[in-house]
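Student: Here it is, the structure in full.
Right, here's the structure in full:
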């Protein structure tokens with residue numbers, strides 16, 4: 001955990017420096033007659049962040065914070081597997097939205113999670129895989145009139161047909 | 001008398017068919033969300049906010065407030081029957097609720113929790129009705145320096161009373177504030193902090209993207225990672241006759257805790273950024289401290305169930321007070337509600353009471369109605385909620401992920417934000433592992449757009465002299481209290497150092 005604590009503080013320090021640098025694209029000083037410049041607020045906040053990361057790093061080195069005292073790994077083998085399977089699944093889900101539309105990608109993700117990760121019965125997995133996107137479709141497209149991504153062109157005929165039902 | 005007339009019209013509005021339906025659905029959903037370990041009111045409100053765009057703003061906030069209430073009741077169900085808190089607000093309920101369940105008195109604990117919640121909720125709503133219009137009329141005279149001082153106080157409360165690592169808390173606040181600054185500089189109109197030149201950042205980072213990322217994805221990953229073991233439920237047999245007997249016993253044995261929790265919870269809830277979790281823990285502590293028999297606490301004393309349960313409901317109403325009257329949320333959940341109000345085109349703050357009385361009083365009226373329905377639905381469906389707790393997490397988790405992704409998209413209609421949201425989720429998972437508190441960041445991203453302009457305009461008013469925050473009659477004391485709160489942990493650290501020096505370690 002200690003190494004993780006130090007690395008996290010380091011990453012956040014880099015983020016703070018980047019945000020400080022990015023803030024200087026605008027005026028960070030006081031402009032008379034206009035008040036503080038547009039970059040001042042984020043610049044000084046990022047500067048405070050940088051000071052905090054230094055303190056966190058120092059406490060980590062001196063083993064003063066609970067995570068830096070713990071010898072447990074940040075993620076054990078099972079934790080890594082979980083993160084890869086679950087977060088990986090979410091990542092692929094979002095990536096597939098642009099190709100197969102939100103509703104189809106949602107179904108694929110549900111089936112993957114329920115059947116492959118959850119080891120539920122095929123009947124339950126398939127039911128939820130089909131029913132959930134249908135409910136979402138009618139809720140968002142018909143009731144709320146919010147259109148969710150429809151994917152690439154080859155999906156168009158399907159949604160054209162579905163739209164004739166709801167409109 | 002005027003208040004009574006306004007309250008009556010508010011109650012009538014809350015009882016309109018659409019609102020009543022939303023209250024019943026909201027409370028039921030809230031009970032379920034609160035009961036599910038790993039899900040609390042803040043997760044529910046963050047994930048479900050985007051779907052409320054369907055109904056008018058007044059109904060939307062009534063629905064979300066009902067979820068908030070329901071979750072306060074629901075947290076007790078899993079604290080008692082599973083022994084693990086359903087939400088952080090119900091942590092203290094496990095202390096005595098679980099031992100009671102182990103003794104076979106789960107139904108007594110559940111009924112006591114429900115009644116205490118109802119009393120806590122009712123007392124706090126009455127206090128709310130009395131205080132809110134007064135506070136709002138005082139707050140009407142607030143200018144930019146006062147509002148900024150209040151923001152400072154909200155953040156200072158997190159630092160001074162949050163109990164988390166100080167540098168990590170401050171970092172979390174600053175991160176949220178900087179994220180709120182992304183997009184355009186409102187005063188000069190220049191693009192600002194467009195990270196890596198990605199055009200998606202030009203429209204800023206919507207608070208929901210961060211809130212859903214943290215509470216919908218990050219926290220779910222964390223829950224999946226930490227709760228790998230099997231959970232055992234305690235059976236609770238309920239019958240109509242039994243409920244009445246338990247109610248009688250719960251009232252006679254838990255009235256002291258209930259009254260402590262109801263009042264203490266409300267005032268802790270009012271404190272900006274404190275919310276229901278510290279409120280319930282403090283009430284448990286005070287109930288135990290002032291008890292004639294403190295030894296019985298932790299072994300199944302109904303008072304120990306009643307105090308935190310009355311307090312968390314009371315605090316949830318209390319935290320609505322600064323949100324509605326000052327525009328400063330009293331808890332992470334109300335921070336998200338506040339962000340929602342901005343989306344719906346309402347300006348939170350004291351003007352709300354004069355500009356939108358129908359909205360405000362409809363919401364206050366709905367508190368009474370929600371509280372009543374939460375009690376009825378809770379008591380009548382306890383066995384059903386316990387049954388639902390057996391639902392495998394592998395069904396619930398993917399549903400929440402799907403809702404999060406769809407909700408994140410619906411909020412801004414931009415896939416860039418969905419990618420950003422899952423990135424925040426992954427970041428939040430790791431930050432949580434290293435004990436970074438994330439509620440301050442969510443609060444900060446909501447308050448950022450108010451804090452920055454008020455600071456800049458105050459400094460413009462004073463030609464750059466920061467003493468403006470100290471010399472004005474209302475802003476001055478608030479700023480001083482905020483600074484004391486920020487310095488409080490520092491004093492503690494110095495005291496510890498001095499003590500250690502006096503007593504060198506052996």
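Residue numbers (the UniProt record's numbering), protein chains in the order written: chain A, 1 to 167; chain B, 1 to 506.
Yeah, the Cβ is synthetic: ideal placement off N, Cα and C, and Gly gets one too.
Note that the structure is a prediction, hence the values are computed from the model and not measured.
Please name the residue, chosen from B:33, B:55, B:58, that lies closest to residue 46 of chain B on a Cα-to-Cα basis.
Tutor: Position 46 of the second chain holds residue 46 of chain B. Comparing Cα-Cα distances from residue 46 of chain B to each of B:33, B:55, B:58, the minimum goes to B:33.
Student: What is the DSSP secondary structure of residue 31 of chain A, reduced to helix, strand or coil?
Tutor: By 1-based counting over the first chain, the position of residue 31 of chain A is 31. The answer is strand: DSSP assigns residue 31 of chain A an E or B state.
Student: Which residues in the same chain have their Cβ closer than 8 Å to the Cβ of residue 357 of chain B, if we skip the five residues on either side of it in sequence?
Tutor: In the second chain, the residue the question calls residue 357 of chain B occupies position 357. Excluding sequence neighbours, residue 357 of chain B sits near 6.
Student: Determine the direct distance from the alpha carbon of residue 157 of chain B to that of residue 20 of chain B, and round the result to whole angstroms.
Tutor: Along the second chain, read from residue 1 onward, the residue named residue 20 of chain B stands at position 20. Along the second chain, read from residue 1 onward, the residue named residue 157 of chain B stands at position 157. Each residue's Cα considered, the two are about 36 Å apart.
Student: Going along the chain, which residues of its own chain have a beta-carbon closer than 6 Å to the beta-carbon of residue 106 of chain A, five neighbours each way excluded?
Tutor: In the first chain, counting from the first residue as 1, residue 106 of chain A sits at position 106. These residues qualify, in order along the chain: 133.
Student: Where residue 418 of chain B and residue 408 of chain B are concerned, what is the direct C-alpha to C-alpha distance, given to the nearest angstrom?
Tutor: Indexing the second chain from 1 puts residue 418 of chain B at position 418. Indexing the second chain from 1 puts residue 408 of chain B at position 408. Taking the straight line joining both Cα atoms gives about 6 Å.
Student: Run the CB neighbour count on residue 62 of chain A, radius 10 Å, all protein chains shown included, and call it buried at 16 or more, exposed below.
Tutor: Stepping through the first chain from its first residue, residue 62 of chain A is reached at position 62. Result: exposed.
Student: Looking at C-beta atoms only, is the number of pairs between the stretch 286–303 of chain B and the stretch 342–357 of chain B that lie closer than 8 Å three or more?
Tutor: These segments do not touch.
Student: Which of the three DSSP states is assigned to residue 63 of chain A in this structure?
Tutor: Looking up residue 63 of chain A in the first chain gives position 63. DSSP places residue 63 of chain A in coil when its eight states are reduced to three.
Student: Quick one: is residue 156 of chain A near chain B, going by C-beta distance under 8 Å?
Tutor: Working through the first chain from its first residue, we reach residue 156 of chain A at position 156. Judged by the 8 Å Cβ criterion, residue 156 of chain A is not in contact with chain B.
Student: Return the chain-ordered list of same chain residues with a C-beta closer than 6 Å to the C-beta of residue 482 of chain B, the five sequence neighbours on each side being excluded.
Tutor: In the second chain, the residue the question calls residue 482 of chain B occupies position 482. Within the same chain, residue 482 of chain B has close Cβ partners 152, 153, 156.
Student: Give the interface partners of residue 98 of chain B over in chain A, defined as CB-CB distance under 7 Å, in chain order.
Tutor: Reading the second chain from its first residue, position 98 is the one you call residue 98 of chain B. Under the 7 Å cutoff, chain A gives no residues; its nearest Cβ is about 25 Å from residue 98 of chain B.
Student: Do residue 27 of chain B and residue 370 of chain B have their C-beta atoms within less than 8 Å of each other?
Tutor: As a position in the second chain, residue 27 of chain B is number 27, starting the count at 1. As a position in the second chain, residue 370 of chain B is number 370, starting the count at 1. Yes.
Student: Between the Cα of residue 4 of chain A and those of A:49, A:60, A:166, spot the shortest distance and give me the residue it belongs to.
Tutor: By one-based count along the first chain, residue 4 of chain A stands at place 4. Among A:49, A:60, A:166, the Cα nearest to that of residue 4 of chain A belongs to A:60.
Student: Taking residue 169 of chain B as the reference, give the member of B:438, B:406, B:465 with the closest Cα.
Tutor: Translated into the one-based positions of the second chain, residue 169 of chain B becomes position 169. When each option's Cα is compared against that of residue 169 of chain B, the closest is B:438.
Student: Write down every uninterrupted run of the alpha helix (DSSP H) in the stretch 417–504 of chain B whose length is 4 residues or greater and which is fully enclosed by it, in chain order.
Tutor: List check, alpha helix (DSSP H) in window: 439–461, 468–471, 475–502.
Student: Looking at the secondary structure, which residues open and close the alpha helix (DSSP H) in which residue 371 of chain B lies?
Tutor: Here the question's residue 371 of chain B lines up with position 371 in the second chain. Per DSSP, residue 371 of chain B belongs to the alpha helix (DSSP H) from 357–388.
Student: Just to confirm the assignment, what range does the alpha helix (DSSP H) spanning residue 149 of chain A have?
Tutor: Position 149 of the first chain, counted from the start, is the residue given in the question as residue 149 of chain A. Taken as a continuous stretch (DSSP letters only), residue 149 of chain A belongs to no alpha helix (DSSP H), as it is neither H nor E.
Student: For residue 36 of chain A, which beta-bridge partners are listed by DSSP?
Tutor: Residue numbering aside, residue 36 of chain A sits at position 36 when the first chain is read from its first letter. Beta-bridge pairing links residue 36 of chain A to A:30.
Student: With a threshold of 8 Å between beta carbons, is residue 22 of chain A in contact with chain B?
Tutor: Start at 1 with the first residue of the first chain, and residue 22 of chain A comes out as number 22. Output row for residue 22 of chain A: interface = yes.
Student: State whether the stretch 443–455 of chain B contacts the stretch 133–151 of chain B, with contact taken as three or more CB pairs (one from each stretch) at a distance under 8 Å.
Tutor: Yes, the stretch 443–455 of chain B touches the stretch 133–151 of chain B.
Student: Going by beta-carbon coordinates alone, are residue 220 of chain B and residue 86 of chain B separated by less than 8 Å?
Tutor: For the purposes of this step, residue 220 of chain B is identified with residue 220 of the second chain, where counting begins at 1. For the purposes of this step, residue 86 of chain B is identified with residue 86 of the second chain, where counting begins at 1. In this structure, residue 86 of chain B does not lie closer than 8 Å to residue 220 of chain B by Cβ.
Student: For the candidate residues B:73, B:254, B:208, B:212, whose alpha-carbon lies nearest to that of residue 108 of chain B?
Tutor: Residue mapping note: residue 108 of chain B aligns to position 108 of the second chain, counting from 1. Of B:73, B:254, B:208, B:212, the residue nearest in Cα terms is B:254.
Student: Please confirm if residue 99 of chain A has its CB atom under 8 Å from at least one CB of chain B.
Tutor: Residue numbering aside, residue 99 of chain A sits at position 99 when the first chain is read from its first letter. Not an interface residue.
Student: For the UniProt domain "DUF1468" (7–149) of chain A, list the alpha helix (DSSP H) runs that are entirely contained and at least 4 residues long, ordered along the chain.
Tutor: Listed in chain order, they are 40–61, 66–69, 77–82, 88–111, 122–137.
Student: What residues from chain B crowd round residue 136 of chain A, counting only those whose CB sits closer than 8 Å?
Tutor: Position 136 of the first chain holds residue 136 of chain A. What residue 136 of chain A touches in chain B: 402, 406.
Student: Given this structure, state the Cα-to-Cα distance separating residue 159 of chain A from residue 151 of chain A, to the nearest angstrom.
Tutor: Walking along the first chain from the start, residue 159 of chain A turns up at place 159. Walking along the first chain from the start, residue 151 of chain A turns up at place 151. Answer to the nearest angstrom: the Cα atoms are 10 Å apart.
Student: Inspect the beta-carbon positions of residue 3 of chain B and residue 133 of chain B and report whether they are closer than 8 Å.
Tutor: For the purposes of this step, residue 3 of chain B is taken as residue 3 along the second chain, with counting starting at 1. For the purposes of this step, residue 133 of chain B is taken as residue 133 along the second chain, with counting starting at 1. Yes, the pair counts as a contact, with Cβ atoms nearer than the cut-off.
Student: Which residues does DSSP pair with residue 184 of chain B in a beta bridge?
Tutor: Taking the first residue of the second chain as 1, we reach residue 184 of chain B at position 184. B:191.
Student: Would you grab the beta carbon distance between residue 55 of chain B and residue 18 of chain B for me? Rounded to a whole angstrom, and I think it's under 8 Å.
Tutor: Here residue 55 of chain B refers to the residue found at position 55 when the second chain is read from its first residue. Here residue 18 of chain B refers to the residue found at position 18 when the second chain is read from its first residue. Confirmed, about 7 Å.
Student: Return the chain-ordered list of same chain residues with a C-beta closer than 7 Å to the C-beta of residue 251 of chain B, the five sequence neighbours on each side being excluded.
Tutor: Here the question's residue 251 of chain B lines up with position 251 in the second chain. Here the set comprises 115.
Student: Strictly under 8 Å for the Cβ-Cβ distance: is residue 74 of chain A near chain B by that measure?
Tutor: Mapped onto the first chain, residue 74 of chain A falls at position 74. Taking Cβ atoms only, chain B reaches closer than 8 Å to residue 74 of chain A, which makes this a yes.
Student: Work out the CA separation of residue 225 of chain B and residue 84 of chain A for me, nearest whole Å.
Tutor: One-based indexing of the first chain puts residue 84 of chain A at position 84. One-based indexing of the second chain puts residue 225 of chain B at position 225. Their Cα atoms are separated by approximately 12 Å.
Student: Run through DSSP, which three-state label would residue 318 of chain B get?
Tutor: The residue given as residue 318 of chain B occupies position 318 in the second chain. Three-state DSSP puts residue 318 of chain B in a helix.
Student: Which same chain residues end up closer than 6 Å to residue 411 of chain B when comparing Cβ atoms and leaving out the 5 residues on each side of it in sequence?
Tutor: The sequence position of residue 411 of chain B within the second chain is 411, counting from 1. Excluding residues within five positions, the ones whose Cβ falls inside 6 Å are 50, 206, 208.
Student: Quick check: what's the CA-CA separation for residue 283 of chain B versus residue 124 of chain B?
Tutor: Residue mapping note: residue 283 of chain B aligns to position 283 of the second chain, counting from 1. Residue mapping note: residue 124 of chain B aligns to position 124 of the second chain, counting from 1. Going from the Cα of residue 283 of chain B to the Cα of residue 124 of chain B covers about 14 Å.
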